[in-house]
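**Student:**
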Amino acid sequence: MQKRDQLYEGKAKIIYATDDPDHVIVYFKDDATAFNGLKKDSIFGKGELNAKISTVFFKLLAEHGFPTHFVEQLNERELLAKKLEIIPVEVVVRNIAAGSLVKRLGFSEGQLLPCVIREFYYKNDALGDPLVNEYHLEALGASTFEQLSELSRQALEVNRILRTFLAKHDLDLVDFKLEFGLFHGQILLGDEITPDTCRFWDATSGEKLDKDRFRQDLGGLTEAYAEVYRRIIQG
Ligand code: UDP
Numbered sequence: 020m021q022k023r024d025q026l027y028e029g030k031a032k033i034i035y036a037t038d039d040p041d042h043v044i045v046y047f048k049d050d051a052t053a054f055n056g057l058k059k060d061s062i063f064g065k066g067e068l069n070a071k072i073s074t075v076f077f078k079l080l081a082e083h084g085f086p087t088h089f090v091e092q093l094n095e096r097e098l099l100a101k102k103l104e105i106i107p108v109e110v111v112v113r114n115i116a117a118g119s120l121v122k123r124l125g126f127s128e129g130q131l132l133p134c135v136i137r138e139f140y141y142k143n144d145a146l147g148d149p150l151v152n153e154y155h156l157e158a159l160g161a162s163t164f165e166q167l168s169e170l171s172r173q174a175l176e177v178n179r180i181l182r183t184f185l186a187k188h189d190l191d192l193v194d195f196k197l198e199f200g201l202f203h204g205q206i207l208l209g210d211e212i213t214p215d216t217c218r219f220w221d222a223t224s225g226e227k228l229d230k231d232r233f234r235q236d237l238g239g240l241t242e243a244y245a246e247v248y249r250r251i252i253q254g
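20 is the number of the first residue of the sequence shown in my numbering; add one for each residue after it.
Next up, the structure:
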């Protein structure tokens, strides 16, 4: 498949067209951003690790019969994926309290949540991706009630598959964000599954092995991402 024009450049990825209208190339950059782009840096090796880690998770989901946009890894930084019409909703799933949940609702960081929490955010940079409910999204024309219930169902299934897998590698899946899109009318999981979009903690020591190392200036980000990769490729 031939790489064509750049279609979109995001904070951590670039999407390229291909000579096939149904497929795109996803390129993982080394750039790291946080706090709505206010904090920025380039961290050598991050893009490559994220491409590899996403590949492992998308393949794992496929093994469980869960379809996604992932087709194959093309090279160290690029994946071939189905071209989705993105639904402008971020679905966050939480198992353990961290991040905005702690700040906003007063849960203590590290507290195991009595139930799995699912949240919707409206994908809109100008508005800062606000937390919304299904009525807001329906009124905004961002997604229908029916689509949201499917997104919610799929997000819970991804949580079940990833959480069980990660536990075997001594990693806690604290929370994560998913994005979905339509491929010829079918809702498919898109975007990435990486330590940029998930919180992974060492289940024994509680050490943070994700983008919080950047957000909180803890250092050792590539080492942490490499450790996640090392663990998840072990049998
Ligand atoms: N997340 C993300 N992109 C965003 C916001 C959140 O990937 O724009 C992920 C984040 O990495 C974490 C989960 O979603 O795994 C929940 O994030 P939270 O709402 O706690 O926000 P944060 O405190 O990370 O900004």
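Here a beta-carbon is modelled for each residue, glycine too, at the ideal position from N, C-alpha and C.
In this text, all values refer to a predicted model and were calculated from it rather than measured experimentally.
When you compare only the Cα positions, how much space is there between ALA161 and ARG249?
**Tutor:** 38 Å
**Student:** If you measure from the CB of LEU240, is any heavy atom of ligand 1 nearer than 8 Å?
**Tutor:** no
**Student:** For GLN130, does the count of other Cβ atoms within 10 angstroms reach 16, so buried, or fall short, so exposed?
**Tutor:** Its Cβ having fewer than 16 others within 10 Å, GLN130 is exposed.
**Student:** Could you tell me whether any Cβ in chain B is nearer than 9 Å to the Cβ of GLU153?
**Tutor:** No chain B is part of this structure, which consists of one protein chain only.
**Student:** Just list the alpha helix (DSSP H) runs in the region 207–245, keeping only unbroken ones of 4 residues or longer that don't cross its boundaries, in chain order.
**Tutor:** 231–234
**Student:** Can you tell me which of the three DSSP states THR183 falls into?
**Tutor:** THR183: helix per DSSP, three-state reduction.
**Student:** By Cβ distance below 6 Å, which residues in the same chain neighbour THR74 in space, the five residues on each side in sequence not counted?
**Tutor:** GLN92
**Student:** Would you mind reading off the limits of the alpha helix (DSSP H) that contains SER162?
**Tutor:** For SER162, no alpha helix (DSSP H) encloses it, and the DSSP letter there is neither H nor E.
**Student:** Taking only the alpha-carbon atoms, compute the straight-line gap between GLU176 and GLY209 and give it to the nearest angstrom.
**Tutor:** 15 Å
**Student:** Could you check which residue in SER168, PRO107, PHE126 and HIS83 has the C-alpha nearest to that of LEU159?
**Tutor:** PRO107
**Student:** Return the Cβ separation of ALA70 and LEU98 in integer angstroms, given the expectation that the two are a contact with Cβ distance under 8 Å.
**Tutor:** Contact between ALA70 and LEU98 is confirmed by a C-beta separation of about 6 Å, below the 8 Å threshold.
**Student:** Which first and last residues belong to the beta strand (DSSP E) in which ASN69 is found?
**Tutor:** Residue range 65–82 is occupied by the alpha helix (DSSP H) that includes ASN69, with no beta strand (DSSP E) assigned at that position.
**Student:** Which residue marks the beginning of the beta strand (DSSP E) containing ALA26, and which one marks its end?
**Tutor:** It is worth fixing the name first, because residue 26 is Leu in this sequence and not Ala. 22–28 is the extent of the beta strand (DSSP E) around LEU26.
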